[in-house]
Amino acid sequence: MAGIAHSEPLSVTCIALLAADALRSEVWLTPKPGLVDSVNNGSHSDMDLPLFLRSIDAITPWLHQFYALGLQDFLQPPQAMLMRIRPTGIACEQAMFGATQSVNTHKGGIFSLGLLCTAAGRISAHRQPLTRHGMCSEVAAMTQGLVERELKNCRQPSTAGERLFLAHGMTGARGEVQSGFLTLRRHVLPYWYQEDNPERRSLNALLRLMAYNPDTNLVARGGMSGLHFVQDYARRLLKSGWQKEDLQEMDRQLIIRHLSPGGSADLLAIATVLMAFPQ
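In my numbering, the protein residues as written are 25 to 303.
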């Protein structure tokens, strides 16, 4: 998929399956500290690998729909798209919850990947080549003002994201998409090919995300001290060099503390999709 440029709109199957494959690659990747992988359930008592795979199967058809909506509504201004795709996002979440008996496996992934697929549809409809820069810019344009509307103007917080913004100024997934995935563009994508082995490449990307992503999942579970513990731990491993045994020990430490960097797992899937395209 590297180096893709299209004179005709990208097949709806292509971007949606890339996104679904990225989710599958993420959940199978092992060892992932604090997260569900092929060896254990991380810090989760209500999730396991088969549950995640069922969730991804339920989500995949809706990823096609996000891309199709981007194609269909490409003449709409970008700031109108968030409301236009929201019903699809809600339906996708309902499909996920139906497959997981109401366990939230991929709500953050649906939000970010849905926007990315929509962005790809809009760019393809304009007969423009799909690039990392172009897709990130389109996601930022579609979500301009989102943090202000949904977090800064919130007077009575009812969700974890709203409460974390009020308490700590953290913008979570909303801030990441509004910035055009700035954390990825700054801390992950430029270092993607530091590792030659694809598995180490993904694990290194996850470690970089744990080091630099202000992951609201960690704060929700362990407060700011939990976030700082994971960030400091990941930065030490990146500085000293790491082996799988180091990640296995980090996994044990995060499980003891009930910490799970779920936001970083979502961003790893986004990074995997973006790196299938030219810069």
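Beta carbons: idealized from backbone N, C-alpha and C, even for Gly.
Distance CB(residue i)-CB(residue j) smaller than 8 Å
i	j	result
R245	H192	no
V171	T142	no
G199	N241	no
L73	V60	yes
T124	L87	no
K268	P55	yes
L106	M166	yes
A43	L140	yes
L291	L175	no
L261	G58	no
A197	S136	yes
G138	F90	yes
Residue of the options minimising C-alpha distance to residue i
i	options	result
S203	C160, R225, D239, D97	C160
L233	F205, N64, N221, G169	F205
N237	N221, Q272, W266, P285	P285
D45	R179, S62, I83, E162	I83
Residues of its chain near residue i, where Cβ-Cβ distance is below 7 Å and the 5 sequence neighbours each way are ignored
i	result
M299	L213, W216
L93	R108, I109, T112, T142, G145
T155	F301, P302, Q303
V243	L188, H192, M194, G250, L251
P33	Residue confidence for P33 is low, a pLDDT of 48 falling below 50, so the modelled location carries little weight; the figure read from the coordinates is stated next. Same-chain partners within the cutoff: L95, S148, A149.
C38	none
Spatial neighbours of residue i in its chain, beta-carbon cut-off 6 Å, leaving aside the 5 residues before and after
i	result
P181	R187, L190
Start and end residues, alpha helix (DSSP H) containing residue i
i	result
T112	105-124
V63	Note, V63: premise wrong, no alpha helix (DSSP H); not H, not E.
S264	240-264
F90	73-96
D275	268-280
Y236	222-236
Contacting residues, own chain, Cβ-Cβ under 8 Å from residue i (five flanking each side not counted)
i	result
S49	S226, A293, T296
Discussion item. Is it the case that the region 183-193 contacts the region 206-223, given that we only count it when at least three CB pairs across the two stretches are under 8 Å?
Written reply: no
Worksheet item: Are there three or more Cβ pairs, one per stretch, closer than 8 Å when the region 112-123 is compared with the region 67-74?
Response: no
Discussion item. Does the contact criterion of 3 or more C-beta pairs under 8 Å hold for the region 127-134 versus the region 75-91?
Written reply: yes
Worksheet entry | At least three beta-carbon pairs within less than 8 Å, the region 250-257 to the region 217-228 | no
Fill in: the region 93-108 touching the region 142-151, judged by at least three CB pairs closer than 8 Å
yes
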